[in-house]
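As given, the protein sequences belong to chains A and B, one line each in that order. Taking the numbering used here, the leading residue of the first sequence gets 1, the next gets one more, and so forth. Taking the numbering used here, the leading residue of the second sequence gets 1001, the next gets one more, and so forth. Where a beta carbon is used, it is the ideal one built from N, C-alpha and C, also for glycine. Okay, so here's the structure we're looking at.
There are 2 protein chains.
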Amino acid sequence: MTIDQAIQQSAMLQKKIHALRHASGLIFYDGATTAPEGAAAGRGETLGVLGSMEYELLINPETEKLLHFLQENKGELSPQQARETEILTREYEKISKIPQDEFVAFQVLINEAQDVWHKAKRNNDYPSFAPYIEKISTALRKFAAYFNPDEKPYNVWLDQYERGLNMDKLDSFFGKLKEAIVPLIKKIQDKGSIIDDSFLNQEFPVDKQRILSDYLMEVMCIDRRYCAIGETEHPFTINFNNKDVRITTKYHTDKMTNSMYSVIHEGGHALYELHTGDELQFTCLAGGISMGIHESQSRLFENFIGRSKPFISMIYPKLLELFPEQLKNISPHQFYLAVNKSVPSLIRIEADELTYCLHIMVRYEIEKMLLEGSVDVDKLPEVWAGLMKDYLGVDVPDDTHGVLQDSHWSGGSMGYFPSYAIGTAYAAQILHRMKQDINVEDIIESGNLKPIVDWLTENIYKYGSLMDPDELLYKCCNEPFDPTYYIDYLVGKFSAIYDL
Amino acid sequence: MTIDQAIQQSAMLQKKIHALRHASGLIFYDGATTAPEGAAAGRGETLGVLGSMEYELLINPETEKLLHFLQENKGELSPQQARETEILTREYEKISKIPQDEFVAFQVLINEAQDVWHKAKRNNDYPSFAPYIEKISTALRKFAAYFNPDEKPYNVWLDQYERGLNMDKLDSFFGKLKEAIVPLIKKIQDKGSIIDDSFLNQEFPVDKQRILSDYLMEVMCIDRRYCAIGETEHPFTINFNNKDVRITTKYHTDKMTNSMYSVIHEGGHALYELHTGDELQFTCLAGGISMGIHESQSRLFENFIGRSKPFISMIYPKLLELFPEQLKNISPHQFYLAVNKSVPSLIRIEADELTYCLHIMVRYEIEKMLLEGSVDVDKLPEVWAGLMKDYLGVDVPDDTHGVLQDSHWSGGSMGYFPSYAIGTAYAAQILHRMKQDINVEDIIESGNLKPIVDWLTENIYKYGSLMDPDELLYKCCNEPFDPTYYIDYLVGKFSAIYDL
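Below, the structure written as structure tokens:
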């Protein structure tokens, strides 16, 4: 094999893997948007076959030989080719370490678990789901030992979702965060209810909300030639390449801001994907590098920009035009306060900006226990309720609104939640850095966010998966991750809002 | 290899091919319905890779060995397994006979040709497209010689689209048809315009037309759990399995019957796919056997049922309810006459039931010449205009409304058109046979077509691709194909309508 042949073979392998993922991704997206309800079984059949074809493409002696050859001849590769080889090798080593029968058994387990979880959540029936939590955490411990027998299982999984992340870093991060925001939340609660957001609970017609979605995407400079918007039960973003990204939202007639902020959030994910480099397309480096960095982009737009004063004052004329009756006596400042009202609550995805991270901490504490094997899964509802009371001061009425609320564990993901919080803290640090280059507030007020998108393209988006998250953040900010920016932001913003 | 291993390997091969086709089909469907407009290039990339993966799955020494082994041990296979082997072997033999570089070159040629054709049609610029017709017909002659060097090229291609079909059969079929309907059309023209269909050219709101689509699908007993309807430029049906079929339509506010009859037509295709046997799913036998048989089902519903008196009288109350203003002075009989008005016209897809087959004959005559190499492609517009004048008596004003109107040739299909006509004639014969078992008119008037769907399931649908078209038709009708039923139907129906 010559080096040119190997490079060509690697490119073809990546194109095939990309094509299978494009296909699987579209089948999933179609299932959530357009497919008839009875199509699930046939979709599952095809997804299973495409998944095993992907496995077979990657895990075989020929690919192993190819990757060895490319690594031995690293010196002759371009930086991009070297990085492709590195990422492919990581995937190869990860997946090939799991015996195929265990890999397949885990897919079957997860398929079942998701079904059981859906029913359990609907029926507030935690006991039916508990055995699956047990089996899933046992399998994840076992896989972690295959990946890296010298490391604690939870650290192995944290690193899978956010390379470089571990419990030491998270304990320190969450410790500082808790120290700063728990007293802040207490002060807000002591102050009593000073923000009226009841006007948000009127009827907002869906056709007008759809116009608002288009307007928000326009403000965010999302190129609609390459980004469609659909409607699903839970909003999400999916990308096939940098010229084909889909976001979704859900419209509630009685809560317009749910969809408004989900569009801005998913729009942030979309901007990242739409601006990854052309030269990375159809390789394993196309697309955002990690969940944490991705979340930094969605939450940067959703909260740091979308819930800022200049953003509200800029879009308010459009809101008034669309909803003149609903907002007739409401000032931009009242709207700003309403979308920033902080009230500890039970459900993570409905949490406000300030209390959101406490929800993540609850899951973090429980995941640590599960992957240490130090908790009896039958006791999880109690543990959950205890932590929610400790961190947020709320009483959990039932498991549907408690331990059963999220889908992640049933999907086999443990170690994924913390990146929601880390990503938000990345966003604060990135924004701080951005403000040294451009006048962010003026840009937002102008109603055309292009200079912000351009800055992010130059410093984050265009790199796709060329760098690991910590490297990318360092390159962007000229310093390592520092949660101070996030803490300062939260304390500053909410002290001002609540006049503390 | 044991026979059990071979059977398993064959089943897995078919599942993989099915999964790749499901994926490619959905990517195509999404492109026509939901995808952002700029997504075409990335979609093309993935479709190319999936296509080559399908080629590699089928054409390789291992598959060749497997198919040989299965054929040698045919005695140990179930009838279904034997048929699967037969169909796979046919495909293997067909594709493997074309040298891979010529196969790829043809895909590239077609890709280009389709693009050139789109522009040529838009700009009425036949000369830009002529070289592609030349290259495509040359390639198709060459491929035909690979498939079967002892047969005339056009016969080889006719057989590819409708197994068992050839020019002798078609010459006889079209000859009889022409003999019967050309004088009929003449008589109708001599009689002058006695049918007023001007009321169809009013404004029919799209939201009401959507309700009508749902109603039509309900009447046809299409199970909506397994069949979604979308909107596209050109209506089509696509199926992924018998629990996931999609039909599309296009709504014109000024011509409600266009969408109405496209929904009934595509609904006929959908019913076929929805009722193929469960045991055939994820094998190469899932789905309808041929274009001709498929068209027999769509046109059976569209014309023989949907344009019949009992159908119009049954749905008329719904039409009046949806369009009270537009139809207020119109009787069911006037509506019946309007949707059956026969006027020779330029555009095939807008042709009425009586003149439709003459359009097919024009293409048939030209395809014969092209695959014999007996026509100068630069002269095709003249040849076209001459045949249109001969057969339909119309003058062709330009190539956009003439030789450039259809997409088939640019897509590399020659030999496909005749199955539209043959399929319609199959439908007449199938309907004649059905009427011996059930009272079709009474069933239609009842507004619930289930007994018709059940009869078709039992006699056509459930068999999927288990039998070749001529066998299936024989089994259903107890006699070979006979165009008399179709000719009698047309003469009877239109003589009555025009009181000849």
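- Applying a beta-carbon distance threshold of less than 9 Å, which residues of chain B neighbour L337(A)? Against the first sequence, residue 337(A) aligns to sequence position 337. Residues of chain B passing the Cβ test: none, with the nearest at roughly 36 Å.
- Task: At 9 Å on the CB atoms, spell out the chain B contacts of G268(A), in chain order.
- Result: As a working note, residue 268(A) is residue 268 in the first sequence. Correct list: empty, because the minimum Cβ distance to chain B is about 18 Å.
- Task: Inspect the beta-carbon positions of G1230(B) and R1246(B) and report whether they are closer than 8 Å.
- Result: As a working mapping, residue 1230(B) is identified with position 230 in the second sequence. As a working mapping, residue 1246(B) is identified with position 246 in the second sequence. Cβ atoms of G1230(B) and R1246(B): closer than 8 Å.
- Message: With a threshold of 8 Å on Cβ separation, who are the neighbours of V394(A) within its own chain once the five nearest residues in sequence on each side are excluded?
- Response: Within the first sequence, the letter at position 394 stands for residue 394(A). Short of 8 Å from the beta carbon of V394(A), and not among the five residues preceding or following it, lie these beta carbons of its own chain, in chain order: P344, S345, L346 and M388.
- For H1252(B), I'd like the list of residues in its chain whose CB is within less than 6 Å of its CB, leaving aside the five on either flank, ordered along the chain. Counting from one through the second sequence, the residue named residue 1252(B) turns up at place 252. For H1252(B), where only same-chain residues beyond five positions count, the Cβ hits under 6 Å are N1258.
- Task: Check the Cβ-Cβ distances between D470(A) and every residue of chain B, and say whether any is below 8 Å.
- Result: Here residue 470(A) corresponds to residue number 470 of the first sequence, with the count starting at 1. Cβ-Cβ to chain B under 8 Å: no for D470(A).
- Can you name the residues of chain B whose CB is closer than 8 Å to the CB of I27(A)? Taking the first sequence and counting its residues from 1, one reaches residue 27(A) at position 27. Ordered by position in chain B, the residues that pass the 8 Å Cβ test against I27(A) are H1022, A1023 and L1026.
- Item | Buried versus exposed call for R363(A) [16 or more other C-beta atoms within 10 Å across all chains shown] | For this step, residue 363(A) is matched to residue 363 along the first sequence. With 16 or more Cβ atoms within 10 Å of its Cβ, R363(A) is classed as buried.
- Message: Taking 8 Å as the threshold (C-beta atoms), are L285(A) and E112(A) in contact?
- Response: Sequence index remark: in the first sequence, residue 112(A) carries index 112 (1-based). Sequence index remark: in the first sequence, residue 285(A) carries index 285 (1-based). Between E112(A) and L285(A), the gap from beta carbon to beta carbon reaches 8 Å or more.
- Amino acids of chain B, ordered along the chain, whose beta-carbon sits closer than 8 Å to that of A32(A): For the purposes of this step, residue 32(A) is identified with residue 32 of the first sequence, where counting begins at 1. The premise fails here: A32(A) is roughly 12 Å from chain B at the closest Cβ pair, so nothing lies under 8 Å.
- Report yes or no: do three or more beta-carbon pairs, one from the stretch 189-206 of chain A and one from the stretch 313-331 of chain A, lie closer than 8 Å? Touching, yes, given that three or more Cβ pairs across the two stretches are closer than 8 Å.
- Would you decide whether A496(A) is buried or exposed? Buried here means 16 or more other CB atoms lie within 10 Å of its CB. By 1-based counting over the first sequence, the position of residue 496(A) is 496. Note on A496(A): under 16 other CB atoms within 10 angstroms of its CB, so exposed under the neighbour-count rule.
- Would you say N1111(B) faces chain A, with C-beta separation under 8 Å as the test? For the purposes of this step, residue 1111(B) is taken as residue 111 along the second sequence, with counting starting at 1. Taking a beta-carbon distance threshold of 8 Å, N1111(B) does not count as an interface residue toward chain A.
- Query: Could you give the C-beta distance for F1236(B) and E1273(B), rounded to a whole number, given that I count them as a contact under 8 Å?
  - Reply: The residue labelled residue 1236(B) in the question sits at position 236 within the second sequence. The residue labelled residue 1273(B) in the question sits at position 273 within the second sequence. A Cβ-Cβ separation of about 12 Å leaves F1236(B) out of contact with E1273(B) under the 8 Å criterion.
- Message: Which of the three DSSP states is assigned to T1237(B) in this structure?
- Response: For this step, residue 1237(B) is matched to residue 237 along the second sequence. DSSP places T1237(B) in strand when its eight states are reduced to three.
- Query: Any beta-carbon of chain B closer than 8 Å to the one on M217(A)?
  - Reply: For the purposes of this step, residue 217(A) is taken as the residue at position 217 of the first sequence. Look at M217(A): its C-beta is not under 8 Å from any C-beta on chain B.
- Reduced DSSP category for D1244(B) - H, G, I as helix; E, B as strand; rest coil: As a working mapping, residue 1244(B) is identified with position 244 in the second sequence. The answer is strand: DSSP assigns D1244(B) an E or B state.
- Item | Residues near N448(A) in its chain [Cβ-Cβ closer than 8 Å; skip 5 each side] | Along the first sequence, read from residue 1 onward, the residue named residue 448(A) stands at position 448. Around N448(A): V219 and C221.
- Neighbour flag for G288(A) against chain B, beta carbons, 8 Å: Mapped onto the first sequence, residue 288(A) falls at position 288. Look at G288(A): its C-beta is not under 8 Å from any C-beta on chain B.
- Item | Integer Cβ distance of G1287(B) from G1464(B), believed to fall under 8 Å | Here residue 1287(B) corresponds to residue number 287 of the second sequence, with the count starting at 1. Here residue 1464(B) corresponds to residue number 464 of the second sequence, with the count starting at 1. G1287(B) to G1464(B), Cβ: 6 Å. Contact.
- Query: When Cβ atoms are compared, which residues of the stretch 1194-1220 of chain B fall closer than 9 Å to chain A?
  - Reply: Cβ proximity to chain A below 9 Å picks out nothing from the stretch 1194-1220 of chain B.
- Hey, which unbroken runs of the alpha helix (DSSP H) at 4 residues or more fall wholly within the stretch 411-458 of chain A? Runs of the alpha helix (DSSP H) inside the stretch 411-458 of chain A: 418-437 and 440-446.
- Where DSSP assigns a beta bridge to A1113(B), which residues make up the other side? What you label residue 1113(B) is simply residue 113 of the second sequence in a count that begins at 1. In the DSSP output, where bridge partners are listed per residue, A1113(B) has none listed.
- Query: Assuming K176(A) and I487(A) make a contact with CB atoms under 8 Å, what is their CB distance in whole Å?
  - Reply: Counting from one through the first sequence, the residue named residue 176(A) turns up at place 176. Counting from one through the first sequence, the residue named residue 487(A) turns up at place 487. With 8 Å as the limit, K176(A) and I487(A) qualify as a contact, their Cβ atoms being about 6 Å apart.
- Cβ-based neighbour list, A1006(B), same chain, cut-off 8 Å, excluding 5 preceding and 5 following: Residue mapping note: residue 1006(B) aligns to position 6 of the second sequence, counting from 1. L1066, F1069, L1070 and N1073, listed in sequence order.
- Is T1232(B) helix, strand or coil by DSSP? Looking up residue 1232(B) in the second sequence gives position 232. Coil at T1232(B), not helix or strand.
- Task: Would you kindly work out how many angstroms separate the C-alpha atoms of R502(A) and P397(A), rounded to a whole number?
- Result: The question about residue 502(A) has no answer, for chain A in this structure spans 1 to 500.
- Message: I need the straight-line Cα distance from L13(A) to D207(A), nearest angstrom please.
- Response: Translated into positions along the first sequence, residue 13(A) becomes position 13. Translated into positions along the first sequence, residue 207(A) becomes position 207. Computed Cα separation, rounded: 45 Å.
- Query: Which class does C1227(B) belong to by DSSP, given the choice of helix, strand or coil?
  - Reply: On the second sequence, residue 1227(B) is found 227 positions in, with the first residue counted as 1. If DSSP states are grouped into helix, strand and coil, C1227(B) belongs with the strands.
- Just how far apart, CA to CA, sit T1046(B) and I17(A)? The residue labelled residue 1046(B) in the question sits at position 46 within the second sequence. The residue labelled residue 17(A) in the question sits at position 17 within the first sequence. Straight across, the Cα-Cα distance linking T1046(B) with I17(A) is about 10 Å.
- Task: Kindly list, in the order they appear in chain A, the residues whose Cβ is closer than 8 Å to that of D1244(B).
- Result: As a first step, residue 1244(B) must be located in the second sequence, where it is residue number 244. The contacting residues are A35, P36, G38, A39, G42 and R43.
- Task: Starting from the Cα of T400(A), find the closest Cα among L472(A), W384(A), L392(A) and I87(A) and give me that residue.
- Result: Within the first sequence, the letter at position 400 stands for residue 400(A). Checking every option, the nearest Cα to that of T400(A) belongs to W384(A).
- Message: According to DSSP, simplified to helix, strand and coil, what is T249(A)?
- Response: As a first step, residue 249(A) is located in the first sequence; it is residue number 249 there, counting from the start. Three-state DSSP puts T249(A) in a strand.
- Assign Q1081(B) to one of two classes, buried (16 or more other C-beta atoms within 10 Å of its C-beta) or exposed (fewer than that). Taking the first residue of the second sequence as 1, we reach residue 1081(B) at position 81. The residue in question, Q1081(B), is buried, as its Cβ has 16 or more Cβ neighbours within 10 Å.
- Assuming T283(A) contacts S262(A) (C-beta within less than 8 Å), just tell me the rounded distance between them. Translated into the one-based positions of the first sequence, residue 283(A) becomes position 283. Translated into the one-based positions of the first sequence, residue 262(A) becomes position 262. Not confirmed; about 30 Å, so no contact.
- Task: Report the three-state DSSP secondary structure of P1205(B) (helix, strand or coil).
- Result: Taking the second sequence and counting its residues from 1, the one referred to as residue 1205(B) is at position 205. In the displayed model, P1205(B) falls within coil according to three-state DSSP, outside both helix and strand.
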